[in-house]
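**Student:** My questions all concern the structure below.
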Amino acid sequence: MPISHAEIVTASGERLINRLCKHWSHKLEVEQNEDHARVNFDEGTCLMQAEGDKLYIAVEALDDRSLDRLEHVVDGHLERMAANEDLDIVWQN
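Note that this note's numbering has the sequence shown beginning at 16, numbered continuously upward.
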C-alpha cells in the first residue's frame, strides 16, 4: 500500500485536527484523541498528529491513484479549515 507523509508548520494543529474530524465524522469512521486522529476513507486512511508547532499527516491508500486522490482531499480540507492561515503542504512518498 502506498503511503505519503506531510509535515506542516502551524500553531493550529490541534484545532485543525478537531475541525477536520468533526467535519468528516458525519460520513466517515473517525477515531480521535487530544492531539491525534485517524480517519478511515473507503480508499485508505489518514493519520494526523499535532506536536508543538507542527501537524504531521500520513495518508495510506490502496493504490497510487487512490493515494493521489486522498492527498488532494486532505489538502483541500486542510486549506478550508485553516481559514486565513497559509499552509505549506508538501507530500513525500
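Even glycine gets a Cβ: it sits at the ideal position worked out from N, Cα and C. Since the structure is predicted, the reported quantities are computational estimates derived from the model, not experimental observations.
What does a CB cutoff of less than 7 Å around CYS61 pick up in its chain, not counting 5 residues either side in sequence?
**Tutor:** VAL54, ILE72, VAL74, LEU85 and VAL89
**Student:** Strictly by DSSP, which residues pair up with LYS69?
**Tutor:** VAL24 and GLU66
**Student:** Start and end of the beta strand (DSSP E) containing ALA52?
**Tutor:** Counting along the chain, the unbroken beta strand (DSSP E) around ALA52 starts and ends at 51-55.
**Student:** On the three-state DSSP scale, how would you describe ALA97?
**Tutor:** helix
**Student:** Can you tell me which of ILE23, SER40, HIS92 and GLU44 puts its alpha carbon nearest to the alpha carbon of ASP103?
**Tutor:** ILE23
**Student:** Would a C-beta distance cut-off of 8 Å place GLN107 and SER27 closer than the cut-off?
**Tutor:** No, Cβ-Cβ distance for GLN107 and SER27 is not below 8 Å.
**Student:** Between the alpha carbons of SER10 and GLY59, how many angstroms are there, rounded?
**Tutor:** Nothing can be reported for residue 10: it is not among the residues displayed for the chain, which extend from 16 to 108.
**Student:** Does DSSP put SER19 in a helix, a strand or coil?
**Tutor:** In the structure shown, SER19 sits in a strand (DSSP, three-state: E or B).
**Student:** With distances taken between CB atoms, is the gap from LEU43 to HIS92 smaller than 8 Å?
**Tutor:** no
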